[in-house]
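Numbered per the numbering used here, the sequence shown finishes at 337, counting up by one with no gaps.
Backbone N, C-alpha and C define an ideal beta-carbon position, used for all residues, glycine too.
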Amino acid sequence: MTASLIDRAEVAGYEALVVTLDTPLPGWRERELQQAALPFYDGHGMANYHTDDAFRDTLSVPPEEDQAVAVQHLLDTFDDPGRTWADLESLAERTDLPLLVKGILHPEDAELAVEHGADGVVVSNHGGRQVDGSVGALTAWPGVFDAVGEDAAVFFDSGVRSGADVVRAVALGADAVLLGRPYVYGLAVGGVDGVEAVLRNLLAELDLTLALSGYAAVDDVDRSAVVERSTAVRR
Ligand SMILES: Cc1cc2nc3c(=O)[nH]c(=O)nc-3n(C[C@H](O)[C@H](O)[C@H](O)COP(=O)(O)O)c2cc1C
């Protein structure tokens, strides 16, 4: 199934694969538990599976005839806490696409990910949805960046809400940032137009923030943009 998804991603023109490492199992999400909310139970969010021959071949009846069978099979196979770093290595060997590992908060994990074939890591605490009270991605950032920033791409995720947040992340060394919820809010409010509006606003604010901070382009932003609290600007 995984092999099939990788092949399809390559054919479809995707430029990287992301393995989410912080979700071997979903966290304890009280609001979702109260509502017994898991989209897969209702057959939502399964298009990648329903359209996949490797997935379909394992089903006794096609999803169009009996969705419950497909849902149950997905639930039986989706989570696998038994995965090891060796699995990451096999993935890296199976594809020419860059492999990113998402959900890294500890420098040692970042080093292990790179050692086992990752081309980059995404520093992320999954927006706080996995371990309640876990360290924030920004707090974890310096340790991870110092550990692997020279050897691998390092991306930032969890809490990016504005163009100024993007500038902050880039100034701290991020090669890119990821957005989780903002575009989904746009989707809920305005569909495709809503997603576009969220992205346009974020990019516009990024442009303005760069200009107002004295930068002509995002590539010009570096660590010198960061002022440590303890160091007043004296000149
Ligand atoms: C409803 C929802 C579903 C998510 N599903 C996934 C997922 O399938 N895989 C994944 O790596 N992250 C998933 N995430 C986490 C986001 O990718 C992201 O790491 C997190 O929301 C933090 O970014 P944000 O603060 O911009 O939302 C999900 C987040 C939300 C809110």
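Using only the heavy atoms of ligand 1, determine whether one of them is closer than 6 Å to the beta carbon of L281. yes
Which stretch, first to last residue, makes up the beta strand (DSSP E) that contains A339? Outside the modelled stretch of the chain, which goes from 103 to 337, sits residue 339, for which no answer is possible.
CB-CB length for L161 against V171, believed under 8 Å: With a Cβ gap of about 6 Å, L161 and V171 count as contacting.
Would you mind stating whether L201 and D221 have Cβ atoms separated by less than 7 Å? In this structure, D221 lies closer than 7 Å to L201 by Cβ.
Which listed residue (G238, A255, G251) has its alpha carbon closest to that of G261: G238
Applying the criterion that 16 or more other CB atoms from any shown protein chain within 10 Å of the CB defines a buried residue, is Y287 buried or exposed? Burial call: exposed.
With hydrogens ignored, establish whether the beta-carbon of H228 is closer than 6 Å to any heavy atom of ligand 1. yes
At a cut-off of 6 Å, would you count D259 as near ligand 1, judging by its Cβ distance to the nearest heavy atom? yes
Status (buried if at least 16 other CB within 10 Å, exposed otherwise) for T104: exposed
Any heavy atom of ligand 1 closer than 6 Å to the CB of T104? no
Can V246 and P209 be called in contact, C-beta distance under 7 Å? yes
Exposed or buried, what is P165 when buried is set at 16 or more other beta-carbons lying within 10 Å of its beta-carbon? Buried.
Using a Cβ-Cβ cut-off of 7 Å (strictly less than) and excluding sequence neighbours within five positions of R263, which residues of its own chain qualify? P284
Flag T122 as yes when its Cβ comes closer than 6 Å to any non-hydrogen atom of ligand 1, and as no otherwise. yes
Going by the DSSP bridge assignment, what does F180 pair with across the sheet? DSSP, once it has assigned bridges, lists no residue as partnering F180.
Exposure label - V224; buried when at least 16 CB within 10 Å: A residue is called buried once 16 or more other Cβ atoms fall within 10 Å of its Cβ, and V224 is buried on that count.
Minimum C-alpha distance to D322 - residue among R270, D253, A290: It is R270.
In angstroms, rounded to a whole number, what distance separates the CA positions of L240 and E330? Between the alpha carbons of L240 and E330 lies a gap of roughly 14 Å.
How many angstroms separate the CA atom of E117 from the CA atom of E195? 16 Å
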